[in-house]
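Below is one structure, written out as structure tokens, with a few remarks after it.
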Amino acid sequence: MISKITKVNGFGVLDNFESKDAKPFNRYNLVYGWNGSGKTTLARLFRCLEMKSNHIEFSDCDFSIDFLDKTKVESKNYEHSFDIRVFNQDFANDNINLFDSQTKPIVFISKEKVEEKKELDRQKVLIKEKKADIIKMEEERDDLEKKIDELHKSSGKSIKDFLLGTTYANVTYNKNTSVSIWKTLPKDDQLEGLELSEAELSVEKSYTLVNSKKENISLSILPIDIDFEKISEVEREVAELIAVNITSKVIDRLKENPEISEWVSRGLILHQTTQSKNCEFCGNALQSERLDALQGHYNKEYAALQDRISNQISKLEKGIRSELAIVSHLLYDSLKLDYNNALETLNDKLKLVNARINEWIEQLKDKRDNPFVCFEINLIDATIFREFNEELNKLKKIIIEHNEISSSYAELAEKAKKKIESHFVSQLSVEHDLPGNEKSLNEIHGKIKKENEELGKINDVIKTIEDELKSDTLAIGEINTKLHKFLGRNDIALIRQDEGGYQLKRGKNIARNLSEGEKTAISLIYFFSKIQENDANISRQIIVLDDPISSFDSNHLFNAASLIKNQCLHASQLFVLTHNFWFFKQIRDWMSKTKDSANFYVVRKGVLSNAGSSLTKFHSEYQYVFNCVLSYQDLEEFDDSICFTMANSIRRLLEAFTSFKTPHSSGFIGALEIAEKKGLTAQQRDRIYYFLNKYSHLDRIESFDTTIEPLLEEGKNVVEDVLSLIKKLDEDHYASMLKVCNYEDKLIMN
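The structure is reproduced here in structure tokens:
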């Protein structure tokens, strides 16, 4: 699309072109400007892009235009691929000779190309048949694709439903997931082997359940192995202790009565500790002879033996092991039975081990109570210790297996997930013959590709023939239909001539003396037919329409607007340039519905700027002109260009006002005459009259002796005179117009 005109030199009124900070062009663009403002010149600038050459009147012009894709087209370089079509007077002059009622042919048929035309028709029939065949294949392709899509949707849903409540419940399973899984599966007889039984599915799902992972179990909860060498060493130590024979001055009574001996021994130690001189039991003085006898009985060797026996008993008591508690709830279900059996056996062996240790303890206690008696140890069978270690190792292996499962649980869960996915996808693929459907789909794709290649070749043949032919025989009927609809009658028609070309006829006679409206209607309809020849795609075209409603009456304005809407709706870009406010409003209201796709501009004296609210909000030319005249009150300085614009605005305002207010005396002269009766002074009357004749579009100046010579500075006075005139003729109407134009606070001095 055209984005912006960045430079124009040597191109009529657009010389040193300015855009006045106008917005970059949009898809739909509407430009308003009165005669002489630069509309026609702007359209000619765009036609230079279409013709890829400078306009004959501006051969030395220099311009630069930016496109939305960053392309830049300059007057020195027309290398571009944009399809630009411009409707203006130059187009009409190049394509239609309305004086002789002849037109250039849209496409010309030469007598030498009749056979080529027949071949063209045959190829077009062939291409139609080919397209019909392709459509059928595409329908079959679409059915297969839909069937395959539904299968994958179903398998994706089955996986998702099955994994609800698992750690994979939030994984997205849909058609695309199923397609990805399917690509990883084998496509032969192995598919059925991927299906799982209900029991297998249940096992695999157990690995994926939420909170199904169990923690590792520390081996520290188990007792340590029994060291056989250490057991043998303990056995030797016990044997040595109970076999010791100590030497002392034995007191027979104490020797024969171990309980008394133990009691006396503790008493002797107590008396020595307290340094008591009397017997704590009877209170009599302790005799030195008795103390010496007791110390002889309980000598150091005796005391040392007692200490050794007590220490050994403490060591053995520490070797007594508690039975292991049952913690099978911490293990995976598959290990619980083996664990419970091993634990029960181990505890049985533990009881036997503790019993053997307790035997040693009892023997040592006997020796401690009877230190002067020598005992022999009961040798213990080491088999019970060996069996204990064996059972302990079995339990360790079960816990290690549990820990290995727990450590690799994420991997097991992932493997389980893949098995479940493969199960559902393979199950449905086998049930609905997915491999067969895919094979058929690939065959259809191949056929469609081949048919499209042949279609391309036929299109190439058609293009070659059309390039050689110079006729169409198709567009004339469409042109006449549109022309009759546009004009509202069917007396004028284009008739094709045998020798080539078309002739415009009214009934059976050559149509002459066409009205300007008829000429414009024919040119515009011919333009839209021309840009569509050879099946041109309007969605790729940039269309420019310069005043396509010149000399149309109000009925034809609506027809023209409707035609443009229908023909240009899908254009890549559209420019409409007009001087007619009613037509501007029609196109403006249509484009406004496109929301952000339309921009509105005004061109004045070769300067393009964004259209103000006066153009975008008013619903009649009268409101617009009234607002323009009101705005002139705010100008500080006037020059010739402003005065010309002002004079045209005032003339239109007075003509429109009197057409409905004083139709018996319309026109600005009639308004002056009526206003004089309402109190308008002769000076005001002459000033308005002279100003309008001098600066409006009349080609001569009327004057009389009573007129005064107005200066440029009097332009503001003329504006106030005219507004005062309207106010005098209809004060209510004047107040209403001030409200419409948001000028309620303006006080106009009479």
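As numbered in the numbering used here, the sequence shown has no gaps in its residue numbers, which increase by one up to the final residue, 784. For each residue, glycine too, the CB sits at the ideal point set by N, CA and C.
6 Å CB neighbourhood of residue i in its chain, flanking five on each side removed
i: Lys164; result: Leu489
i: Leu446; result: Tyr241
i: Tyr66; result: Phe618, Val636 and Leu649
i: Thr211; result: Gly190
i: Ile347; result: Ile395 and Leu398
i: Ile598; result: none
i: Ala545; result: Ser135, Ile526, Leu538 and Lys539
i: Lys187; result: Lys209
Residue burial classification, residue i (beta-carbon count within 10 angstroms, cutoff 16)
i: Glu477; result: exposed
i: Gly640; result: buried
i: Thr507; result: Any answer about Thr507 is weak, because its pLDDT of 47 lies below 50 and its placement is not dependable; what the coordinates show is given next. Exposed: under 16 other Cβ atoms inside 10 Å.
i: Val244; result: exposed
i: Lys500; result: With the sequence shown as reference, residue 500 is identified as Glu, and Lys is not the correct amino acid for it. With 16 or more Cβ atoms within 10 Å of its Cβ, Glu500 is classed as buried.
i: Arg530; result: buried
i: Trp394; result: buried
i: Trp624; result: buried
i: Val159; result: exposed
i: Leu807; result: With the chain covering only 35 through 784, there is no way to say anything about residue 807.
i: Pro220; result: exposed
i: Cys677; result: buried
i: Thr740; result: Unreliable positioning characterises Thr740 in this predicted model, as indicated by a pLDDT of 40, which lies under 50. A coordinate reading is not provided.
i: Thr515; result: exposed
i: Ile354; result: exposed
i: Trp216; result: buried
i: Ala319; result: exposed
i: Phe51; result: buried
i: Gln717; result: exposed
i: Gly511; result: exposed
i: Gly72; result: buried
i: Gly749; result: buried
i: Phe419; result: buried
i: Val205; result: exposed
i: Lys497; result: exposed
i: Leu732; result: Unreliable positioning characterises Leu732 in this predicted model, as indicated by a pLDDT of 46, which lies under 50. The coordinate reading is nonetheless provided below. Flag for Leu732 reads exposed.
i: Asp124; result: buried
Continuous alpha helix (DSSP H) stretch holding residue i: start and end
i: Asn375; result: Asp367 to Asp403
i: Phe800; result: There is simply no residue 800 to check, as the chain begins at 35 and stops at 784 in what is shown.
i: Ser563; result: Glu550 to Lys564
i: Val756; result: Gly749 to Leu763
i: Ala319; result: It is not in any alpha helix (DSSP H) - Ala319 carries neither H nor E in the DSSP assignment.
i: Glu357; result: Looking at the DSSP string, Glu357 is not in any alpha helix (DSSP H), and its letter there is neither H nor E.
Sequence-distant residues of its chain with Cβ nearer than 8 Å to residue i (five each side left out)
i: Arg342; result: Leu275
i: Leu591; result: Ile583, Asn614, Trp616, Phe617 and Gln620
i: Ile565; result: Arg119, Ile572, Gln575 and Ile577
i: Leu179; result: It should be pointed out that residue 179 corresponds to Glu in this sequence rather than to Leu. Within the same chain, Glu179 has close Cβ partners Leu475.
Beta carbon proximity, residue i to chain D, threshold 8 Å
i: Arg523; result: Included in the structure is just one protein chain, with no chain D present.
Endpoints, beta strand (DSSP E) assigned at residue i
i: Asp117; result: Asp117 to Phe121
i: Lys41; result: Ile36 to Asn43
i: Ser98; result: Asp96 to Phe101
i: Leu64; result: Tyr62 to Tyr66
i: Lys578; result: Per the sequence shown, the amino acid found at residue 578 is Val instead of Lys. Element bounds for Val578: Gln575 to Asp580.
i: Gln657; result: No beta strand (DSSP E) contains Gln657, which is instead part of the alpha helix (DSSP H) from Glu655 to Ser665.
i: Phe634; result: Ala632 to Arg638
i: Glu108; result: Lys106 to Glu108
i: Ala77; result: Per DSSP, Ala77 belongs to no beta strand (DSSP E); it is in the alpha helix (DSSP H), Lys73 to Met85.
i: Val641; result: Val641 to Asn644
Chain-order list of residues whose beta-carbon lies under 7 Å from that of residue i (same chain, five-residue window excluded)
i: Gly713; result: Lys762
i: Cys602; result: Ile577 and Leu608
i: Thr201; result: Thr242, Val244 and Ala447
i: Leu759; result: Ala705, Ala709 and Leu714
i: Glu174; result: Ile478
i: Lys181; result: Asn471
i: Glu533; result: No answer about Glu533 holds up, because its pLDDT of 43 lies below 50 and its placement is not dependable.
i: Asp755; result: Gln718, Arg721 and Ile722
i: Val464; result: Leu225 and Glu226
Considering only residues of the segment 416 to 468, which uninterrupted alpha helix (DSSP H) runs meet the minimum length of 4 residues and lie entirely inside it, listed in chain order? Look at the segment 416 to 468 and you find these whole runs of alpha helix (DSSP H), each 4 residues long or longer: 417 to 441 and 443 to 465.
Give a yes or no on contact between the segment 165 to 180 and the segment 416 to 425, applying the rule of three or more CB pairs nearer than 8 Å. In the pairwise beta carbon analysis, the segment 165 to 180 is classified as not touching the segment 416 to 425: fewer than three pairs are separated by under 8 Å.
Entirely enclosed beta strand (DSSP E) segments - the segment 175 to 263, minimum 3 residues: Taking only runs of at least 3 residues, no beta strand (DSSP E) segment lies wholly in the segment 175 to 263.
Should the segment 118 to 127 be regarded as contacting the segment 559 to 578, the criterion being three or more beta carbon pairs within less than 8 Å? Contact holds: three or more Cβ-Cβ distances are below 8 Å.
Is there contact here, the segment 44 to 53 with the segment 81 to 92, by at least three beta-carbon pairs under 8 Å? Contact holds: three or more Cβ-Cβ distances are below 8 Å.
Determine contact between the segment 351 to 359 and the segment 373 to 390, defined as no fewer than three beta-carbon pairs at a distance below 8 Å. In short, these stretches touch, since the Cβ pair count reaches three.
With a threshold of 8 Å, are at least 3 pairs of Cβ atoms found where one atom belongs to the segment 81 to 88 and the other to the segment 50 to 59? Contact fails between the segment 81 to 88 and the segment 50 to 59, because fewer than three Cβ pairs, one in each stretch, are under 8 Å apart.
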